[in-house]
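Enquirer: What follows is a single structure, and I will ask about it in a moment.
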Amino acid sequence: MVEVINDDYEQNQLEWWSKWSRLIWFTNQCCALLSSDFKEPLFNHSEILSPKVDVKLLIPKIEKVFQSKGLLSYFFVKDSFEYFSIRESLMARSYEIKDRLSVMEITSPYFKVNEKVEVKIIGKEGIEKWCEIYLLSFYEDMSLFEPTVRATKRAFSEEKTKFILARYENLPVGTLALYGTNGVNGAYCVGTLPRFRNMGVASAMLRFAHELSNSEGKKLTLQTFLSDSVENFYKKRGFRRVYLKEVLAPS
97 MVEVINDDYE
107 QNQLEWWSKW
117 SRLIWFTNQC
127 CALLSSDFKE
137 PLFNHSEILS
147 PKVDVKLLIP
157 KIEKVFQSKG
167 LLSYFFVKDS
177 FEYFSIRESL
187 MARSYEIKDR
197 LSVMEITSPY
207 FKVNEKVEVK
217 IIGKEGIEKW
227 CEIYLLSFYE
237 DMSLFEPTVR
247 ATKRAFSEEK
257 TKFILARYEN
267 LPVGTLALYG
277 TNGVNGAYCV
287 GTLPRFRNMG
297 VASAMLRFAH
307 ELSNSEGKKL
317 TLQTFLSDSV
327 ENFYKKRGFR
337 RVYLKEVLAP
347 S
């Protein structure tokens with residue numbers, strides 16, 4: 097269960113990723129996501145949700161939980177002066193910044209869309225195809241098919257979730273998941289099959305998500321690692337950076 101926290105963007109992100117990973121709380125402002133299936137830091141990290149959290153005793157406790165699962169202990173910490181002491185506490189234990197995660201929202205939408213791309217919300221019968229296209233878009237590999245289906249079915253069971261599939265000349269080529277909470281629609285799993293990239297597929301899905309969010313009176317948000325070098329792609333389509341999170345791990 098996700099605690100109610102005083103940050104609509106963080107609330108949305110935690111609720112969504114808790115469908116993919118196990119969410120555990122150390123305090124009402126400090127939690128961790130853990131997955132035995134998905135190995136990336138996005139699915140396995142701790143979040144410090146308030147600069148007032150006293151992390152000196154918490155950090156060793158969190159590290160033990162990750163170590164017991166054979167996982168490296170990643171921490172996601174907001175890149176702001178308020179969180180300076182938390183960052184310093186981690187660096188004193190030989191943590192270093194490995195990446196940064198940009199949290200963005202759309203403010204000036206601009207989408208140049210290929211009209212050959214058709215975008216629709218899918219029903220339960222389309223979940224497995226959605227998972228296939230998602231995995232081939234992000235990994236070009238199907239080894240995580242079963243856990244991905246389980247995660248998407250958990251998310252699909254909530255009315256908050258909409259799974260979106262893009263087709264090009266009737267071929268399924270792109271995925272996006274939209275998750276709604278407290279005036280926010282988070283766009284996740286935005287992916288396009290490699291041979292259909294640079295053809296307006298992602299733009300078509302994002303325009304669809306924006307129009308849907310607008311009709312619901314919700315802000316459209318997303319998150320992207322700076323190391324993936326796609327933040328400018330989103331900026332060109334009208335997204336702006338709201339804040340950064342530093343991704344810290346032992347050196």
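Each residue of the sequence shown is one higher than the last, beginning at 97 in our numbering.
Note that the Cβ used here is the ideal one computed from N, Cα and C, for glycine as well.
Return helix, strand or coil for Pro268, following the three-state DSSP convention.
Expert: Counting from 1 along the sequence shown, the entry for residue 268 is found at position 172. Correct three-state label for Pro268: strand.
Enquirer: Looking at Ser340: is its Cβ nearer than 9 Å to the Cβ of Ser198?
Expert: As a working mapping, residue 340 is identified with position 244 in the sequence shown. As a working mapping, residue 198 is identified with position 102 in the sequence shown. Looking at the sequence shown, residue 340 is not Ser but Leu. The answer is yes: Cβ separation under 9 Å.
Enquirer: Taking just the CA atoms, how far does Ser169 sit from Gln107?
Expert: Your numbering for residue 107 matches position 11 in the sequence shown. Your numbering for residue 169 matches position 73 in the sequence shown. Near 21 Å, if we compare the C-alpha coordinates of Ser169 and Gln107.
Enquirer: Please report the residue range of the beta strand (DSSP E) in which Phe172 lies.
Expert: What you label residue 172 is simply residue 76 of the sequence shown in a count that begins at 1. Unbroken beta strand (DSSP E) run through Phe172: Phe171 to Lys174.
Enquirer: Closest to Met301 by CA distance: which of Gly313, Lys314, Pro290 and Leu272 is it?
Expert: As a first step, residue 301 must be located in the sequence shown, where it is residue number 205. Considering only alpha carbons, the answer is Leu272.
Enquirer: Please state whether DSSP places Tyr191 in a helix, a strand or coil.
Expert: In the sequence shown, counting from the first residue as 1, residue 191 sits at position 95. Here Tyr191 sits in strand by DSSP.
Enquirer: How is the beta strand (DSSP E) around Pro346 delimited, first residue to last?
Expert: In the sequence shown, counting from the first residue as 1, residue 346 sits at position 250. Segment Phe335 to Pro346, the beta strand (DSSP E) holding Pro346.
Enquirer: Relative to the alpha-carbon of Gly219, which residue among Cys227, Ile120 and Val343 has its alpha-carbon at the smallest distance?
Expert: Walking along the sequence shown from the start, residue 219 turns up at place 123. Checking every option, the nearest Cα to that of Gly219 belongs to Cys227.
Enquirer: Tell me His141's beta-bridge partners as DSSP assigns them.
Expert: Locating residue 141 in the sequence shown gives position 45, counting from the first residue. Partner(s): Leu129.
Enquirer: Decide if Pro156 is buried, meaning its Cβ has at least 16 other Cβ atoms within 10 Å, or exposed.
Expert: To locate residue 156, count along the sequence shown from 1; it is residue 60. By the 10 Å Cβ count, Pro156 comes out exposed.
Enquirer: If you check the beta carbons only, do Phe177 and Glu143 fall under 9 Å apart?
Expert: Reading the sequence shown from its first residue, position 81 is the one you call residue 177. Reading the sequence shown from its first residue, position 47 is the one you call residue 143. No, these two residues do not count as a Cβ contact at 9 Å.
Enquirer: Within 10 Å of its beta-carbon, does Gly313 have 16 or more other beta-carbons around it, so buried, or fewer, so exposed?
Expert: Residue 313 sits at position 217 when you count from the first residue of the sequence shown. Its Cβ having fewer than 16 others within 10 Å, Gly313 is exposed.
Enquirer: Among Tyr330, Val269 and Glu136, which residue has its Cα nearest to the Cα of Lys283?
Expert: Residue numbering aside, residue 283 sits at position 187 when the sequence shown is read from its first letter. It should be pointed out that residue 283 corresponds to Ala in this sequence rather than to Lys. Among Tyr330, Val269 and Glu136, the Cα nearest to that of Ala283 is on Tyr330.
Enquirer: When you compare each of Trp112, Thr288 and Leu145 to Gln125 by their alpha carbons, which one comes out closest?
Expert: Here the question's residue 125 lines up with position 29 in the sequence shown. If we check each option's Cα against that of Gln125, Leu145 comes out closest.
Enquirer: At what residues does the alpha helix (DSSP H) containing Leu289 begin and finish?
Expert: On the sequence shown, position 193 is the one that residue 289 refers to. No alpha helix (DSSP H) contains Leu289, which DSSP labels as neither H nor E.
Enquirer: When the distance is taken between beta carbons, is Arg303 closer than 9 Å to Phe162?
Expert: As a first step, residue 162 is located in the sequence shown; it is residue number 66 there, counting from the start. As a first step, residue 303 is located in the sequence shown; it is residue number 207 there, counting from the start. No, Cβ-Cβ distance for Phe162 and Arg303 is not below 9 Å.
Enquirer: Quick check on Ile202: buried or exposed, where buried means 16 or more other Cβ atoms within 10 Å of its Cβ?
Expert: Counting from 1 along the sequence shown, the entry for residue 202 is found at position 106. The residue in question, Ile202, is buried, as its Cβ has 16 or more Cβ neighbours within 10 Å.
Enquirer: Does the Cβ of Tyr235 have 16 or more other Cβ atoms within 10 Å, making it buried, or fewer, making it exposed?
Expert: Position 139 of the sequence shown, counted from the first residue, corresponds to residue 235. Exposed.
Enquirer: Compare the C-alpha of Ser311 against each of Asn281, Leu232, Arg337 and Asn294 and name the closest.
Expert: By one-based count along the sequence shown, residue 311 stands at place 215. Of Asn281, Leu232, Arg337 and Asn294, the residue nearest in Cα terms is Asn281.
Enquirer: Below 7 Å CB to CB, which residues in the same chain sit around Asp195 once its five sequence neighbours on both sides are set aside?
Expert: What you label residue 195 is simply residue 99 of the sequence shown in a count that begins at 1. Excluding positions up to five away in sequence, the list reads Phe321, Leu322, Ser323 and Val343.
Enquirer: According to DSSP, what are the bridge partners of Tyr179?
Expert: The residue labelled residue 179 in the question sits at position 83 within the sequence shown. Tyr179 is not bridged by DSSP to any residue.
Enquirer: Name, in chain order, the residues that DSSP records as bridge partners for Ser198.
Expert: Stepping through the sequence shown from its first residue, residue 198 is reached at position 102. Beta-bridge pairing links Ser198 to Thr320 and Leu340.
Enquirer: How big is the Cα-Cα spacing for Arg118 and Lys135?
Expert: Reading the sequence shown from its first residue, position 22 is the one you call residue 118. Reading the sequence shown from its first residue, position 39 is the one you call residue 135. Looking at the two C-alpha atoms, the distance is approximately 13 Å.
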